[in-house]
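Student: First, the structure itself, so that you have it in front of you.
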Amino acid sequence: MSSKFTEGVVAESKRSYIHKLASEGTRIDGRDFDEVRPIKIKTGFIQRADGSALVELGDTKVLVGVKIEPGEPFPDTPDMGIMTTNVELVPLASPTFEPGPPSEEAIELARVVDRGIRESHTIDMEKLVIEEGEKVWVVFIDMHVLDYHGNLFDACGIAALAALNNATVPAERFGFGDDFKLPIMHYPVPVTFAKIGEWIVADPNLDEESIASARLTVTTNEEEKVNAMQKGLFGTFTYEEVKKSINRSMSIGKQVRKIILGDENGKEN
Amino acid sequence: MSSKFTEGVVAESKRSYIHKLASEGTRIDGRDFDEVRPIKIKTGFIQRADGSALVELGDTKVLVGVKIEPGEPFPDTPDMGIMTTNVELVPLASPTFEPGPPSEEAIELARVVDRGIRESHTIDMEKLVIEEGEKVWVVFIDMHVLDYHGNLFDACGIAALAALNNATVPAERFGFGDDFKLPIMHYPVPVTFAKIGEWIVADPNLDEESIASARLTVTTNEEEKVNAMQKGLFGTFTYEEVKKSINRSMSIGKQVRKIILGDENGKEN
Amino acid sequence: MSSKFTEGVVAESKRSYIHKLASEGTRIDGRDFDEVRPIKIKTGFIQRADGSALVELGDTKVLVGVKIEPGEPFPDTPDMGIMTTNVELVPLASPTFEPGPPSEEAIELARVVDRGIRESHTIDMEKLVIEEGEKVWVVFIDMHVLDYHGNLFDACGIAALAALNNATVPAERFGFGDDFKLPIMHYPVPVTFAKIGEWIVADPNLDEESIASARLTVTTNEEEKVNAMQKGLFGTFTYEEVKKSINRSMSIGKQVRKIILGDENGKEN
Amino acid sequence: MMGMKSDIRLIDDNGLRIDGRLPNQLRPIKMEVGVVKRADGSAYIEWGGNKIIAAVYGPREAYPKHVQESDRAIVRARYNMAAFSVDERKRPGPDRRSVELSKVISEALTSAIFVEKFPRTAIDVYIEVLQADAGTRVAGITVASLALADAGIPMRDLIVGCAAGKVDDVVVLDLNKEEDNFGQADVPMAILPRTGEIALLQMDGDLTYDELTNAMEMAMDAAKKIYNMEIETLKAKYGGDVNEQ
Amino acid sequence: MMGMKSDIRLIDDNGLRIDGRLPNQLRPIKMEVGVVKRADGSAYIEWGGNKIIAAVYGPREAYPKHVQESDRAIVRARYNMAAFSVDERKRPGPDRRSVELSKVISEALTSAIFVEKFPRTAIDVYIEVLQADAGTRVAGITVASLALADAGIPMRDLIVGCAAGKVDDVVVLDLNKEEDNFGQADVPMAILPRTGEIALLQMDGDLTYDELTNAMEMAMDAAKKIYNMEIETLKAKYGGDVNEQ
Amino acid sequence: MMGMKSDIRLIDDNGLRIDGRLPNQLRPIKMEVGVVKRADGSAYIEWGGNKIIAAVYGPREAYPKHVQESDRAIVRARYNMAAFSVDERKRPGPDRRSVELSKVISEALTSAIFVEKFPRTAIDVYIEVLQADAGTRVAGITVASLALADAGIPMRDLIVGCAAGKVDDVVVLDLNKEEDNFGQADVPMAILPRTGEIALLQMDGDLTYDELTNAMEMAMDAAKKIYNMEIETLKAKYGGDVNEQ
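Protein chains in written order, with this note's numbering: chain A, 1 to 269; chain B, 1 to 269; chain C, 1 to 269; chain D, 1 to 245; chain E, 1 to 245; chain F, 1 to 245.
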């Protein structure tokens, strides 16, 4: 193990190096500021789940499984299905993840992905009612991080969307008629930015994350609506930076959305 | 932060000083042995609760909120409502309180307040039945300590009683007829004593608590019945000391009860 | 407290001594390799339980209480009762046991005893149905270790079997007809072996356990069927050693079974 | 819980109680020391239907370190009920009641022990209620005191627990389970008999001053009898000079 | 939760909101500092129906040791709701929402504090929501900023929270409870007013780019008013040079 | 759970199993190493419908300190099932079953590792069951062994898991999910193939001595085949001298 002291020195020299690259318009892995790492999506990887997607965003790897089971609706929304999201930062995926109950990082991540899906009305919840006020479909979105190399917000958001888009409501198994495709109404895509010195780059990798002063995730849908934002870390953004990031998110999100849908369509046909 | 060593020295000299004062018949804040600190009560402070009271006992500040919701009765008391008490020693209130599950101090405190109310039949539980064996009113008494300067037993007991006396059963909100005042049958008041050397003082403040060898809380009601007692700390009491404390509790309790009821009446009229 | 260093030295010399004895065919307490410590069984010790047994295996002491209450069956076995097992390694029983949630040792122990009973069909679960799919008897087997001197697997397994054999289903108390003896179909007995150097001894005591390289528990029933095995610790067994241990378990188990049944019969007649 | 409603008459026309006792009569008590070989000291008590075992470990290094006190031993009693000790199976593990009882028992035991002799250590007292029949805390503190003596922990005095209360408007000693469930008040106490000091005192219910003092006096009188049983139990194991330790 | 369905009209024909406010109007706000004597600094805020108290302890030694940072103080905000603060009684203790809010509030406060002045220490900020009425996180960060100032913690600037959102297709400032429940979007922000830096920014709902920027600008404008209230509140206690600390 | 009742015939008239296998036939197995870049070593296995990934971190400083052993490394395996890995969604987090499996797998792996070479360290082995189809513990220990080799942890031998059992009164190798649910016995084992030592052995069900020894021999024979697959997998990545490491 390197000592804490050594780590500090290494971090400092890495910080200078990344800043210098940024000032020259490039990044430690050679990408442009708005370039996301290569995305690979494998849907249907977990046959035992009702929908699933194994997503690689560069070296970051996330597996999302969707399970759909009958349950009771909430009293104040008797005519709507239920969705829950959970992230497991299992210690397999990084030396910095520890076993035990979800860390605050895992909780924030799950909640940001959750809001991105929920507030965009991604799932048509009204179609998930079995008997109003009595029984509805509950959609469990479980995200299992398998290799952590930066930017879990986007990797999880992409994988969750791909898994939902891949999901079938297993009505037959529970004796509620024919199976049907989980009704998807929107395709919200999160794009995360990291502030490095005065520069802001999209889809930060692990090195960039470790020296970023601030983080901003902007989730937009295919109608160019903004569905969720989340700022993180100890630094701040100017209003101009936020506005630019929203615009960048829309245009990057569009490319990512094509990859998500392309893959799914490819599989379906 | 003072070192543990310094703390020890300070504590020792404070101990001597308080003992010396006691031997002269007085206390560090100038009170008589049977004099409680000034009591201020603000009922109805939390409009969203069904009853509430913000109580100051000297600098000690406690906020009690009462929520009343329908629930299932216990199988062995199908014809009675339910009450539960909870104390939150939130770290806001003292550098010695820590976040996390209730400490043994918080649990003892909640249970002593609970017994004072329950065993005195403060609430007419038989009037809290909606449908026998099926549905009753559940009275949640939540005590939130906001500033800790000694003697939480009395501050919480007073605030709980004031909040209950202020409470309305929200029957209408749940479709069970008209709202009605929570039926109160008795007015039990706890008075806590601290043994300092050979002297016993009422309503100990933080300094006195920190050097007391033993603690005794005696809860009595308006009929001079004793409803609860709780001895604490590592010291002991003689039988004579206990008997005297019971008598002192009755007479001090009477004054405190007037303050509680006066305030409430003041508010009501 | 002895220092960790001293402990190490003591352990080492004890290890040599026990190995030396083993090479001479004997043990630190003079037993033969296949000889279990004296077993004493007192059934019905806890009148408030529906079955109970206080078992001494040498100086190891375990109290098992069985409680039987009505409950809901599992959805996939609507026509069978339910059993659960729990072990409490309370800190009263050993300086090495700590308060708190069950340790992994306690969980393993409970699960091995559970499998020994469950997989042998000790209890006739089909006779524990009150109303199919709605209400069945739930058998709680709670094992309370009272003095720990080695080999809890066998002590708990024996005590659980004796307590079950002593148990009555309290149907009357719950208004479901007449009480009846808990229907027992088999008498599985666990026998645990410890590998000490190249020797394998039955029913290891505390000293033997502390230096054993590997542990094997084999549970067999009165028909010489094997119902459960569990290997533990960091060492390994050869296939020959395992086969021999199974045979030894059958013959030792037969003797132990007589003691369990003898006692119960003694009590019954 | 006190005050459950019931038609049960707890005192009959002859003034006798549901189990035939007089108002000021104790239930049968049996004591034994040295029952847990692994522990530094231990004891067992049967008191009415209560069956309670206690074991002491220590003085030993207190862990984690921040709980250590530089000028005394800490006494950590842990009151625990076995799952099968009560009518309806109890979920294992501490609940709010057992946390409170552990605290007041710890404090009461501390008052009797010369804790200043063992700075930075812990004296752990484990009390396991194997069968409960009302009065477990006072029986528990009594058996814990025996276990402490068996462990050779120096004490100012043995400590004795005893309770009194009120049922059917009569002040009675040592409530049993029915009396506890359907009675009007319970006053558990622990005493250092030589000096009469009160080390534990709780009360719940509804008592006038006179009823309360009657109850306390009844419990303190009975405590002396139980104290003698403690002495005899220790003498039987250790010989004559128990009282002088 | 945003987007619950309802027939409630949140904006009337005159463009007024359910509580009579104009779209860009704040609810009434009252502030006070020095309300928790035991703490190093504290403050209280009433903002609409919100009643929130905050207290600061520190800089003090960070415990456990492994959380210490060698080059700065760590800021640990804990956002907590009282059981009685909401309509249906809330179980005490942290839930996922309060864990997330504690995290983003901690990060936002850190951006304003000169944390590098206090290596190895912790600055603990406790925010207790006594009554909740929508916007608790921005009210909480505002009152926390006052408590930090009251504790004398050196900061680059006071920090101000404010939210805007969309209801009935209208961009509005400072949503109340009904607007929060039945509205279409909420954008909570925290600002360092002197520089206009954004220290906290979240959003959920459904907004076009123009709606979102309108909302953000509305919140940032209002933040300046709240900032002045903060200054006045501190001046009332500490005199004129608050702004210069 | 063994022994659920069912009308399903698990062995057909031709002696074939529900998935067409012969009694002593393994399900298809695929292995891969180096799948988690962040880890010191990792591997992935598909075994029938099982999909399991394992990663190794260490030897690294064992934390908290009191778990360190002065004369060896501690091996901490953590067996965990993903929420979506089974038919009915599993609540995340350890349950009693996974705690037991983690313990026996840790012990078995320890027997193969030269732990005495790395005093005071921990070797952490994380096994994530992504899809479960019976036999996850033996597949898990097999893939863990590959991950250990990939991490360069020195071992006496690779370790191989395999199970056998009884269904419809026939002793069969490598039970699948239906056979596990409705069968009569399961005997999971782990072997060090070079010496034939047994490092993990569990069993539940109802077997005669002959059935049990048949099952064990069947599993041990199959283990040799799986061992060869392990060797091939490592060779494919590291070249020829895997066996000599």
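Where a beta carbon is used, it is the ideal one built from N, C-alpha and C, also for glycine.
Give me the subset of the stretch 51 to 85 of chain D whose CB atoms are less than 7 Å from a CB atom of chain B, sorted by chain position.
Tutor: none
Student: For A:S3, does the three-state DSSP call read helix, strand or coil?
Tutor: With a pLDDT of only 42 at A:S3, under the threshold of 50, the placement of this residue in the model should not be trusted; the figure read from the coordinates follows. If DSSP states are grouped into helix, strand and coil, A:S3 belongs with coil.
Student: Checking contacts by CB at 8 Å: is E:P188 closer than that to chain B?
Tutor: no
Student: Answer with yes or no whether the minimum CB distance from D:G129 to chain C is below 8 Å.
Tutor: The sequence shown places Val at residue 129 of chain D, rather than the Gly named in the question. Closer than 8 Å: no.
Student: Using three-state DSSP, classify E:I29 as helix, strand or coil.
Tutor: strand
Student: Taking only the alpha-carbon atoms, compute the straight-line gap between F:I191 and F:I198 and give it to the nearest angstrom.
Tutor: 5 Å
Student: Of all the CB atoms in chain F, is at least one closer than 8 Å to the CB of C:K127?
Tutor: no
Student: Of all the options B:I130, B:K67, B:C156, B:K243, which has the alpha carbon lying nearest to the alpha carbon of B:G58?
Tutor: B:C156
Student: Please check if any C-beta of chain A sits within less than 8 Å of the C-beta of E:A222.
Tutor: Taking 8 Å as the threshold, the shortest C-beta distance from E:A222 to chain A does not fall below it.
Student: Looking only at its chain, what residues have a beta carbon closer than 6 Å to the beta carbon of D:S111, apart from the 5 residues adjacent to it on each side?
Tutor: A199
Student: Given a cut-off of 8 Å, decide if E:L158 and E:L109 are closer than it, judged by their beta-carbon atoms.
Tutor: no
Student: Quick one: does D:L248 have its CB under 8 Å from some CB of chain B?
Tutor: An answer regarding residue 248 of chain D cannot be provided, because it is not within the stretch 1 to 245 covered by chain D.
Student: Taking just the CA atoms, how far does F:A132 sit from A:K40?
Tutor: 24 Å
Student: Which residue marks the beginning of the beta strand (DSSP E) containing A:D147, and which one marks its end?
Tutor: Per DSSP, A:D147 belongs to the beta strand (DSSP E) from 135 to 147.
Student: Could you pull the DSSP bridge partners for A:T84 from this structure?
Tutor: A:F140
Student: Enumerate in chain order the residues of its own chain whose CB-to-CB distance from D:E32 is below 6 Å, with the five nearest sequence positions on each side excluded.
Tutor: Y44
Student: Please give the ranges of any alpha helix (DSSP H) in the stretch 156 to 222 of chain C, keeping only runs that are unbroken, at least 4 residues long and fully inside the region.
Tutor: 206 to 211
Student: So does the stretch 189 to 209 of chain B actually touch the stretch 243 to 254 of chain B, counting three or more Cβ pairs closer than 8 Å?
Tutor: yes
Student: Can you list, in chain order, the residues of its chain with a C-beta nearer than 7 Å to that of E:I74? Leave out the 5 residues immediately preceding and following it.
Tutor: A62, V67, A122
Student: In chain order, what residues of the stretch 191 to 213 of chain D put their CB closer than 7 Å to some CB of chain B?
Tutor: L192, G196, E197, I198, A199, L200, L201, Q202, M203, D204, G205, D206, L207, T208, Y209, L212, T213
Student: Using the beta-carbon of each residue, which ones in chain D are nearer than 7 Å to B:F234?
Tutor: Simply E107, T110, S111.
Student: At which residues does the beta strand (DSSP E) containing D:L101 begin and terminate?
Tutor: Taken as a continuous stretch (DSSP letters only), D:L101 belongs to no beta strand (DSSP E), being part of the alpha helix (DSSP H) at 96 to 112.
Student: Which partner residues does E:I191 have in the DSSP bridge list?
Tutor: E:V160, E:I198
Student: Output the distance between the C-alpha atoms of A:R257 and A:Y187, rounded to the nearest integer angstrom.
Tutor: 7 Å
Student: For D:S42, which beta-bridge partners are listed by DSSP?
Tutor: D:A55
Student: Among F:R38, F:I105, F:I113, whose alpha-carbon lies nearest the alpha-carbon of A:L92?
Tutor: Nearest option by C-alpha distance: F:R38.
Student: Nearest-angstrom Cα distance between C:R37 and A:E98?
Tutor: 44 Å
Student: By the DSSP assignment, the alpha helix (DSSP H) with F:S145 in it spans what residues?
Tutor: 136 to 150
Student: What does a CB cutoff of less than 6 Å around B:L146 pick up in its chain, not counting 5 residues either side in sequence?
Tutor: K61, L63, A93
Student: Flag this pair as yes or no: are the beta carbons of C:V226 and F:L212 separated by less than 8 Å?
Tutor: yes
Student: Where do the N-terminal and C-terminal ends of the beta strand (DSSP E) with B:I123 fall, by residue?
Tutor: Segment: none, B:I123 is in no beta strand (DSSP E) and carries neither H nor E.
Student: Which residues of chain F have a Cβ atom closer than 9 Å to the Cβ of C:F237, listed in chain order?
Tutor: E197, I198, A199, L201
Student: Measure the Cβ-Cβ separation of A:E109 and A:V136 and say whether it is below 8 Å.
Tutor: Looking at the sequence provided, one finds Leu at residue 109 of chain A rather than Glu. Cβ distance not < 8 Å, so A:L109 and A:V136 don't count as in contact.
Student: Beta-carbon within less than 7 Å of B:S3's beta-carbon, same chain only, minus the 5 sequence neighbours each way: which residues are those?
Tutor: Low local confidence applies: a pLDDT of 42 at B:S3 is under 50, so the model's placement there is unreliable, and no value is given.
Student: Between B:P183 and B:I130, is the Cβ-Cβ spacing less than 8 Å?
Tutor: no
Student: Is the distance from the Cβ of C:L233 to the Cβ of C:A202 below 8 Å?
Tutor: no
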